[in-house]
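Using my numbering, the letters of the sequence shown map in sequence onto residues 60 to 1227. Worksheet for the structure shown next.
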Amino acid sequence: MARPPPLGELPPGYTPPARPATPQILAGSLKAPLWLRAYFQGLLFSLGCGIQRHCGKVLFLGLLAFGALALGLRVAIIETDLEQLWVEAGSRVSQELEYTKEKLGEEAAYTSQMLIQTPRQEGENILTPEALDLHLQAALTASKVQVSLYGKSWDLNKICYKSGVPLIENGMIERMIEKLFPCVILTPLDCFWEGAKLQGGSAYLPGRPDIQWTNLDPEQLLEELGPFASLEGFRELLDKAQVGQAYVGRPCLHPDDLHCPPSAPNHHSRQAPDVAQELSGGCHGFSHKFMHWQEELLLGGMARDPQGQLLRAEALQSTFLLMSPRQLYEHFRGDYQTHDIGWSEEQAGTVLQAWQRRFVQLAQESLPENASQQIHAFSSTTLDDILHAFSEVSAARVVGGYLLMLAYACVTMLRWDCAQSQGAVGLAGVLLVALAVASGLGLCALLGIAFNAATTQVLPFLALGIGVDDIFLLAHAFTEAPSGTPLQERTGECLQRTGTSVTLTSINNMVAFFMAALVPIPALRAFSLQAAIVVGCNFAAVMLVFPAVLSLDLHRRHCQRLDVLCCFSSPCSARVIQILPQELGNGTVPVGIAHLTATVQAFAHCEASSQHVVTILPPQAHLVPPPSDALGSELFSPGGSTRDLLGQEEGTGQKAACKSLPCARWNLAHFARSQFAPLLLQSHTKLSRLFPQAVVLVLFGALLGLSLYGATLVQDGLALTDVVPRGTKEHAFLSAQLRYFSLYEVALVTQGGFDYAHSQRALFDLHQRFSSLKAVLPPPATQAPRTWLHYYRNWLQGIQAAFDQDWASGRITRHSYRNGSEDGALAYKLLVQTGDAQEPLDFSQLTTRKLVDKEGLIPPELFYMGLTVWVSSDPLGLAASQANFYPPPPEWLHDKYDTTGENLRIPAAQPLEFAQFPFLLHGLQKTADFVEAIEGARAACAEAGRAGVRAYPSGSPFLFWEQYLGLRRCFLLAVCILLLCTFLVCALLLLNPWTAALIGFLTAQGSRNLRAARALERTFAPVTDGAISTLLGLLMLAGSNFDFIVRYFFVVLTILTLLGLLHGLVLLPVLLSILGPPPEVVQMYKESTEVLSPPAPQGGGLRWGISSTLPQSFARVTTSMTVALHPPPLPGAYIHPASEEPAWSPAATPAANGPSNLGSRGLCPATG
């Protein structure tokens, strides 16, 4: 190996310290954190040297591996099921859902299609005949929707949900009822005759016009059919349901309508009805008893007078109920209409979806644009379509965001000096991060982690911003390698200096995302796991593949090729004389962890022939002490700095030809050194130094106080309008619904595991306790509670009363019931039941027992037999109760005229394992309202559990708001674990929690101000570039149509990024200059006492002065001298004697004084 230059190139007055002095200083200076950091940096140095040695192979293998993982995106699954996205697997809600699905199947009993009408002028009263006419027009248009699929035409009457269709023995009447039985439509039009126009069924009887609900009078029809068929049972069924004259007995909105029936109350008076009065108290379907639509279901924005009379409203709502896909499939299975199309449940679902989409489209287009009212339509399919659209990847935004990042990375890394330009590195780095993001997502797909809207809409941009931060950090460090670093060690030196920071940030980011997976929301958990995996892939790409890119770019610069256009030679190469450190007295090249910074005054000479810049040392130099204000004179001097190695001369015209433009010399580091740091930290006087720092502390203290106050205002919750694109009709519907119709259908489910027959009192108490909750909408005072147990008991009391009348009149006797009423005969059959298989009948009980005792309870021995009779005999009451029994009671057909006696045997229903009480919740606007309602419902169920009744609430509020009960607790737990893990990572890796953020400060020398300024100078550019790249990645989120993305990701992450930037570049330097810890690295070599008259300055710097005869135009060059602390040998390290020091290339360009190298560096083999 070539020996280093002779000692004469350094100032002749410099005297190396004696050998015994080094161990003495070393014993007090070496600390465990430094040793561990040095050991880890040694590993990184060896890794970097190995990558540089085989950069082509590493790049090829890395791209191959990441590309292979990216192919996993082909098997990615995007989850759009709300239950799967929101309900945690294994949670209480999940177990309850599984129980419901196990007993009832996967789907609800029906699906809802809604129309909401609001005035275009806000606050206008909508309770007018004109407004109802427009509502009728929209609802009628929607009800006439037809779609053609599989060669069949599907209209509302075929697919709507029909509640409680009775079973009739008479075949003709049964077919007529099947065609005429009305769809369940909850509409304010049901208060008027016009509500019949929405029912599309019709039937034909000889000798009369088609029977429709607009002209059907059930009472008159039964009288006409009485002589031809026995309809007594059917008549009693209609009487119990209080059908009456159905729609023809209701007022007409327009009594002058030619089709308004004569039976309408206002037909003869021709007076328009009082809409508010008619709608007061709600409306009824064709059955007054079982189909009552409460005001809150029909009207929104209501106002009343002091007496409670309805005066006005601002919104109308109509709801069309359709069968579920399974119900539709079962309904037409085996039917002649579908036998030739291979009818399946999937086809049934397709029919429903097509009809719903057409329903929404026609309803929204039903009113002219200049109408005074507006219609908002919505269906369950619309919600599914929104979720699918929300989860789709926006290719335009992804491509736009990555192109923007490519442009920024290229422009910010381009330099006027082609040898220092890194535009191609920036392009390659962004493309590498893009590939790493794709590979991370592909790995997630291979691991079976389902994608969701947050994955597709947010993660590509967030991961890009995070990954490019490390790209900028490595690129900055690579260009600022210490002076004299051998070419083959440049990549190792880069990883040695920045690898620790990259590792810390990546590990902490991964830990943060993994801790976020503790939040009990599957969508957030999947997003967090995917983000952690993507960050890990970014880390692997930055630490393993990107150094190979830097190594190739180093080869390009060494060959003096243009940046980006590397096929062309660079015209701006410079030849500079290298300033070398002096050989040490002990004959060993330093491999330790401290720097001695020396400033040399030198000429900057420009050769006229080649226009190369050559730096020349003065012939005579001597050591002089630096000025006392090291911060002001050394760091902030306008004439030179630790980064401006070659200052251009000013003066003569010949030298002006080589002077670069000011804009060519300006960069972020120059700004930090010459303007930002002096403004923040310069200390001319103590008062002037404290004033800007005091301002900073006051402002950040105020910001902290404001943030703490804002934290108390944070509210839980996610509105559905946030996940719907702004400006769409769906967004308008959801906004109107949230404002006017905040109603939610819920159910109180009772499970198996207890005896219903002996727990009736506890069931009534549970219903009463649940009904008393603040959020439960109470039924009208004139209506009985709408639950199966009340309907069942009331029906039993009704047939008991009929039996008592028939018994008293003698129509029913001990031995015969044929002369009695239908209800009396049913009561007779129930009263003689004993429940004993050996002796099932006991006629002596006819007068000694009641179907319902004095306490309102059903005898336990009759409970399940009576349930069988009620379910078979009262279909309208059963449908209205929404009991959904499981197992369903057996079918039993009552035959009053049976003579065999077999009809007396009533099969008992099996013990119930599932039943439910329906309720309506109202007034739920904020998450706190939902949480209060959920807590009350859970408390009621817990109280019932202590009485032996197993129950749980069910419905969308409990499905999507249950997680908020413990969300804050889980969030705080995740944050605490995250902070602990971050502390442990820093402590284990650095054995000093300060060092995680303050490496640059701790390894600098001098006063606190000087060390803070030097740390700020070194970190300002990469931190700023990283913040800008993150903001550019987030910028594409601002263009999202979904408020959820803009509000909860773009705004929040942008604010966090800006706050982090301000804390790192403004608050932290000020705190370090005031309260910073002492330096971990101290100067080991001192100047000769024979030359220096005053003592060394506090900053530890040395200045090599020149005589007064030197020319006025000169440049100042700063170089670093590495000294040895002799830590234990590190992996890859090689300690060589001075005689084997590798030759220093005289043409190498000196770099800026970088941060102290804390790890040992060995000799890298030459690149082969």
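For glycine and all other residues, C-beta sits at the position ideal for the given N, C-alpha and C. If you're wondering where the values come from, they're calculated on a predicted model, not measured in any experiment.
In chain order, each alpha helix (DSSP H) run of at least 4 residues that lies wholly inside the segment 974-1054: Look at the segment 974-1054 and you find these whole runs of alpha helix (DSSP H), each 4 residues long or longer: 986-1005, 1015-1019 and 1026-1049.
Cβ pair A1086, L1131 closer than 8 Å: Looking up residue 1086 in the sequence shown gives position 1027. Looking up residue 1131 in the sequence shown gives position 1072. No, they are not a contact pair.
Reduced DSSP secondary structure (H/G/I, E/B, other) of H849: Translated into positions along the sequence shown, residue 849 becomes position 790. Three-state result, H849: helix.
The segment 491-506 in contact with the segment 116-134 per 3-pair CB rule at 8 Å: Verdict: yes, contact present.
Sequence ranges, alpha helix (DSSP H) only - wholly within the segment 770-801, length at least 4: If we require 4 residues or more, the alpha helix (DSSP H) runs fully inside the segment 770-801 come out as 788-799.
Spatially closest choice to T927 from D895, A939 and K888, by CA coordinates: The residue labelled residue 927 in the question sits at position 868 within the sequence shown. The shortest CA-to-CA distance from T927 to any of D895, A939 and K888 is the one to K888.
C-alpha gap between F437 and C1000, whole angstroms: One-based indexing of the sequence shown puts residue 437 at position 378. One-based indexing of the sequence shown puts residue 1000 at position 941. Answer to the nearest angstrom: the Cα atoms are 33 Å apart.
Three-state class that DSSP yields for S438 in the structure shown: Taking the first residue of the sequence shown as 1, we reach residue 438 at position 379. Strand.
Alpha-carbon spacing of G862 relative to G879, whole angstroms: Locating residue 862 in the sequence shown gives position 803, counting from the first residue. Locating residue 879 in the sequence shown gives position 820, counting from the first residue. Per the sequence presented here, residue 862 reads as Phe, with Gly not at that position. Rounded to the nearest angstrom, the two C-alpha atoms are 8 Å apart.
Straight-line gap, A487 to N429 (C-alpha atoms, nearest Å): Within the sequence shown, numbered from 1, the residue matching residue 487 stands at position 428. Within the sequence shown, numbered from 1, the residue matching residue 429 stands at position 370. Going by the C-alpha atoms only, they are around 56 Å apart.
Residue environment, A1055, which counts as buried when at least 16 other CB atoms sit within 10 Å: Taking the first residue of the sequence shown as position 1, residue 1055 is located at position 996. Confidence is the limiting factor: at A1055 the pLDDT is only 37, short of 50, which leaves the residue's position unreliable and the question unanswerable from this model.
Nearest candidate by alpha-carbon position, reference G525, set T564, E138, L855 and A198: Reading the sequence shown from its first residue, position 466 is the one you call residue 525. Sequence check: residue 525 is Ile here, not Gly. Of the candidates T564, E138, L855 and A198, T564 places its Cα closest to the Cα of I525.
Spatial neighbours of K788 in its chain, beta-carbon cut-off 7 Å, leaving aside the 5 residues before and after: Taking the first residue of the sequence shown as position 1, residue 788 is located at position 729. Sequence-distant Cβ neighbours of K788 in its own chain, meaning closer than 7 Å and more than five residues away, are Q423 and H435.
Three-way DSSP call (helix, strand, coil) for R549 in this model: The residue you call residue 549 lines up with position 490 of the sequence shown. In the structure shown, R549 sits in a helix (DSSP, three-state: H, G or I).
Separation of Q412 from Q205, as counted between CA atoms: The residue given as residue 205 occupies position 146 in the sequence shown. The residue given as residue 412 occupies position 353 in the sequence shown. Computed Cα separation, rounded: 12 Å.
Neighbourhood of S801 by C-beta distance below 8 Å, restricted to the same chain and skipping five residues each side: Here residue 801 is taken as the residue at index 742 of the sequence shown, counted from 1. Counting only Cβ-Cβ distances below 8 Å, and skipping sequence neighbours, we find H981, G982, L983 and Q984.
Paired residues, beta bridge with V334 - DSSP: Looking up residue 334 in the sequence shown gives position 275. Paired residues: none, contrary to the question.
Unbroken alpha helix (DSSP H) run spanning T872, endpoints: Translated into positions along the sequence shown, residue 872 becomes position 813. Per DSSP, T872 belongs to no alpha helix (DSSP H) and is neither H nor E.
Proximity winner among A582, Q180 and L848, relative to A148 (alpha-carbon distances): Looking up residue 148 in the sequence shown gives position 89. In this structure, A582 is the residue among A582, Q180 and L848 with its C-alpha nearest to the C-alpha of A148.
Same chain only: Cβ atoms within 6 Å of A1237, ignoring 5 sequence neighbours per side: The structure shown does not extend to residue 1237, since the chain is modelled only from 60 through 1227, so no value can be given for it.
Any beta strand (DSSP E) of 3 or more consecutive residues that is wholly inside the segment 424-509: With a minimum length of 3 residues, the continuous beta strand (DSSP E) runs that stay inside the segment 424-509 are 432-438.
Whole-number beta carbon distance between P277 and L297, since they are thought to touch under 8 Å: Within the sequence shown, residue 297 is the residue found at index 238, counting from 1. Within the sequence shown, residue 277 is the residue found at index 218, counting from 1. That pair is a contact at about 6 Å.
Exposed unless 16 or more other CB atoms sit within 10 angstroms - verdict on L1096: Taking the first residue of the sequence shown as position 1, residue 1096 is located at position 1037. Classified as buried, L1096 has 16 or more neighbouring CB atoms from the shown chains inside 10 Å of its CB.
Exposure label - A127; buried when at least 16 CB within 10 Å: Along the sequence shown, read from residue 1 onward, the residue named residue 127 stands at position 68. Per the 10 Å Cβ criterion, exposed.
R556 (DSSP reduced to helix, strand or coil): Here residue 556 is taken as the residue at index 497 of the sequence shown, counted from 1. Secondary structure of R556 (DSSP, three-state): helix.
Beta-bridge pairing of G1266 - partner residues as DSSP gives them: This structure leaves residue 1266 out entirely; the chain is present only between 60 and 1227.
From Q336, S587, L916 and V570, residue whose alpha carbon lies closest to that of L1043: The residue given as residue 1043 occupies position 984 in the sequence shown. Of Q336, S587, L916 and V570, the residue nearest in Cα terms is V570.
Rounded separation between K160 and H343 - CA only: Sequence index remark: in the sequence shown, residue 160 carries index 101 (1-based). Sequence index remark: in the sequence shown, residue 343 carries index 284 (1-based). Going by the C-alpha atoms only, they are around 32 Å apart.
Y209 in three-state terms, based on DSSP: Along the sequence shown, read from residue 1 onward, the residue named residue 209 stands at position 150. Y209: coil per DSSP, three-state reduction.
Own chain, CB closer than 7 Å to T187, minus 5 neighbours either side, in chain order: One-based indexing of the sequence shown puts residue 187 at position 128. Apart from the 5 residues on each side of it in sequence, T187 sits with its Cβ closer than 7 Å to the Cβ of V334 in its chain, given in chain order.
Sequence-distant residues of its chain with Cβ nearer than 6 Å to G460 (five each side left out): Counting from one through the sequence shown, the residue named residue 460 turns up at place 401. Cβ within range, chain order: F520 and M1095.
Other residues of its chain near Q774: CB distance less than 8 Å, five sequence neighbours each side excluded: Position 715 of the sequence shown holds residue 774. Closer than 8 Å at Cβ, skipping near neighbours: K985, T986 and A987.
CB contact flag (F125, A600, <8 Å): For the purposes of this step, residue 125 is taken as the residue at position 66 of the sequence shown. For the purposes of this step, residue 600 is taken as the residue at position 541 of the sequence shown. A contact, by the Cβ cut-off of 8 Å.
Neighbour flag for E950 against chain E, beta carbons, 8 Å: No chain E is part of this structure, which consists of one protein chain only.
Rounded C-alpha distance that separates Y388 from S830: As a working mapping, residue 388 is identified with position 329 in the sequence shown. As a working mapping, residue 830 is identified with position 771 in the sequence shown. If you draw a straight line from the Cα of Y388 to the Cα of S830, it is about 36 Å long.
Proximal residues to K348 (C-beta, below 6 Å), its chain only, five neighbours per side dropped: Position 289 of the sequence shown, counted from the start, is the residue given in the question as residue 348. A300 and Q301.
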